[in-house]
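To start, the structure itself, in structure tokens.
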């Protein structure tokens with residue numbers, strides 16, 4: 015995540031968080047069954063905009079290979095400036 019964060023947010027304006035046990039992932043409904051390929055479940059990629067402790071938007075990757083979330087982050091960054 016650190017390398018991805020440096021690429022997406024070189025100015026360190028986005029807080030990147032890990033979900034080590036998948037609890038937040040399950041609560042969001044973004045769990046991806048990758049047990050056959052990776053041995054366990056993972057989280058789909060998503061971008062969440064939180065402002066003043068309120069979730070303003072969530073953009074979830076429709077598949078496991080796309081870049082929609084990265085594009086969503088860029089749009090959110092552009093809209094904030």
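Numbering (the numbering used here), first residue to last: 15 to 95.
No residue lacks a Cβ here, since even glycine has one placed at the ideal position from N, Cα and C.
For clarity, every value in this text was computed on a predicted model and none was experimentally measured.
Under a three-way DSSP split, which group does residue i fall into?
{"i": "residue 31", "result": "coil"}
Could you spell out where the beta strand (DSSP E) holding residue i opens and where it closes?
{"i": "residue 51", "result": "Not the beta strand (DSSP E): residue 51 falls in the alpha helix (DSSP H), residues 49-52."}
{"i": "residue 58", "result": "No beta strand (DSSP E) holds residue 58; DSSP gives it neither H nor E."}
Go to residue i, then tell me how far its alpha helix (DSSP H) extends in each direction, as first and last residue.
{"i": "residue 40", "result": "37-42"}
Quick check on the burial criterion: 16 or more other C-beta atoms within 10 angstroms. Buried or exposed for residue i?
{"i": "residue 44", "result": "buried"}
{"i": "residue 61", "result": "buried"}
{"i": "residue 29", "result": "exposed"}
{"i": "residue 40", "result": "exposed"}
Among the options, which has the Cα closest to the Cα of residue i?
{"i": "residue 42", "options": "30, 68 and 57", "result": "57"}
{"i": "residue 55", "options": "36, 32 and 20", "result": "36"}
Can you name, in chain order, every residue of its own chain whose Cβ lies under 8 Å from the Cβ of residue i, other than the five neighbours on each side?
{"i": "residue 70", "result": "63 and 64"}
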